[in-house]
Amino acid sequence: MKGPWVFLPLAAFVALVVLMGAMLMGDRNPAEIDSVLVGRAAPALTLYALEPGGEPLTPADLKRGVPVIVNFFASWCVPCRAEHESLMALAGEHKVQIIGIAYKDKPAAARAFLEELGNPYDKVVLDESGRAGIEWGVSGVPETFVIDGEGMVRYRHWGPVVGDALETRVLPAVEAAR
Amino acid sequence: MKHLLARLMLVATFALPAYGVDVDEVPLDDPAKEAEARELMKEVRCLVCQNQSIEDSDADLARDLRVLIRERMAAGDDTDAVKVYLVERYGDWVLLKPPVAGRTLILWGSPLLILLLVAAGILMRRRAAPPPPLSADEEARLKALLEAAEANGKEPRG
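Taken in order, these protein sequences are the chains called B and C. Going by my numbering, the first sequence runs without a break in its numbering and finishes at 178. Going by my numbering, the second sequence runs without a break in its numbering and finishes at 1158.
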């Protein structure tokens, strides 16, 4: 080993340190995997309403000509409680239509959850078996999807919408979908 | 003591099957298909615990996916069709062994790359020139040292 080659191990080491440092410093969550749904049509499902006798969710609900947000939540999910404030702001001051899908939840528990914290949803439907969650590629609650007026998925937010996520991620995605 | 042992054996007999399939998970009627489904479950990643397969995960979602796999196979899907179904929803990530493709080339290629680098390193060392032969002066000094050692009654070291 002679010449510039002697520096090869050092260069490899420095490159590794830089790479690992960048991964540590970045705000990347290793548990967060990009949704394959982004850029594709939202799953066309029909789901029953949470309220007895309420309107079901139909594929037409996701093609309203305006952006719609689909939010998977559950009364048993603690992060869902944390992000609820953001959803209320979305529905209130930002006037975005939100469809809530109660994932693997008991209807009575989901109703109690919304009564306690307020209901930000335009429509709330049930996914008691979790099958709708699988169709949407959901790995846990909460997950939030931004759907454009044509029914195409534009953005998926993994985990709760808390902190500045509403301003920096969800709202820009809604704007972009208009 | 005898009773205790008998009781333990009784408990073991009835408790052990619990380690198999969950109570609400019904195996497929066709044992061959069930075996195929089990093999597939070992290849599907649990999206909650991530580095486990759904076959050995207790997560709720893993259970749902096991039920779904059995359902689809009972309906006539082969394992490839079930894989396509899962990948369409969760991406390649859902497979513990992702397919070889442009996106996964680094993943699959890195062991080969490391092997090549090591081989190149070994070759470079081999090719390094052998040390030059001793000069006349060094030869003389070596001889003197050896003779001195012998005179001291010590065996020169091999």
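Ideal Cβ placement from N, Cα and C applies to all residues, glycine included. Fair warning: this is a prediction, and the values are worked out from it, not measured in the lab.
Quick check: is any heavy atom of the ligand ADP less than 7 Å from the C-beta of residue i?
i               : result
Trp5 of chain B : No copy of the ligand ADP occurs in the structure displayed, which carries no ligand at all.
Examine chain E for any beta-carbon lying closer than 8 Å to the beta-carbon of residue i, and answer yes or no.
i                  : result
Trp1108 of chain C : The chain labelled as chain E is not found among the protein chains of the depicted structure, namely B and C.
Per DSSP, which residues does residue i bridge with? Please list them.
i                  : result
Lys123 of chain B  : B:Ile99
Ile69 of chain B   : B:Ile98, B:Val146
Arg1045 of chain C : C:Ser1053
Tyr155 of chain B  : B:Val146
What in chain C is Cβ-close to residue i, meaning under 9 Å?
i                 : result
Ile134 of chain B : Leu1061, Asp1064, Leu1065, Leu1068, Leu1086, Arg1089, Tyr1090
Val36 of chain B  : Val1087, Glu1088, Arg1089, Tyr1090, Gly1091, Asp1092, Trp1093
If you compare alpha carbons, which of the options is closest to residue i?
i                  : options                                    : result
Gly190 of chain B  : B:Leu57, B:Ile147, B:Ala173                : Nothing about residue 190 of chain B can be reported from this structure: the residues present for chain B run from 1 to 178 only.
Glu115 of chain B  : B:Met88, B:Gly130, B:Lys104, B:Glu128      : B:Met88
Ala41 of chain B   : B:Ala60, B:Leu47, B:Glu32                  : B:Ala60
Ala108 of chain B  : B:Leu117, B:Ser75, B:Gly92, B:Gly163       : B:Ser75
Tyr1085 of chain C : C:Ala1074, C:Ala1140, C:Lys1097, C:Leu1068 : C:Leu1068
Gly1076 of chain C : C:Lys1143, C:Leu1004, C:Ala1032            : C:Ala1032
Arg1066 of chain C : C:Ile1114, C:Ser1110, C:Arg1038            : C:Arg1038
Leu8 of chain B    : C:Leu1112, C:Arg1007, C:Gly1153, C:Gly1121 : C:Gly1121
At 7 Å on the CB atoms, spell out the chain B contacts of residue i, in chain order.
i                 : result
Leu977 of chain C : Missing from the structure shown is residue 977 of chain C; chain C here goes from 1001 to 1158 and no further.
Identify the contact partners of residue i in chain C, using a Cβ-Cβ distance below 8 Å as the criterion.
i                 : result
Gly130 of chain B : Asp1060, Leu1061, Asp1064
Lys104 of chain B : Asp1060
Along chain C, in chain order, which residues have C-beta atoms closer than 7 Å to that of residue i?
i                : result
Ile33 of chain B : Gly1091, Trp1093
Would the beta-carbon of residue i fall within 8 Å of that of residue j?
i                  : j                  : result
Leu1040 of chain C : Thr1079 of chain C : yes
Leu57 of chain B   : Val125 of chain B  : yes
Ile98 of chain B   : Asp127 of chain B  : no
Arg154 of chain B  : Ala173 of chain B  : yes
Glu1043 of chain C : Ser1057 of chain C : no
Gly130 of chain B  : Leu62 of chain B   : no
Ile134 of chain B  : Asp1064 of chain C : yes
Gly159 of chain B  : Pro79 of chain B   : yes
Trp1093 of chain C : Arg1125 of chain C : no
Cys1049 of chain C : Ala1035 of chain C : no
Arg1089 of chain C : Val1082 of chain C : no
Ser86 of chain B   : Leu166 of chain B  : yes
Ala82 of chain B   : Pro120 of chain B  : no
Val138 of chain B  : Phe73 of chain B   : no
Specify whether the segment 128 to 142 of chain B and the segment 89 to 107 of chain B touch according to this definition: at least 3 beta carbon pairs, one from each stretch, less than 8 Å apart.
Cβ pair count under 8 Å is three or more, so yes.
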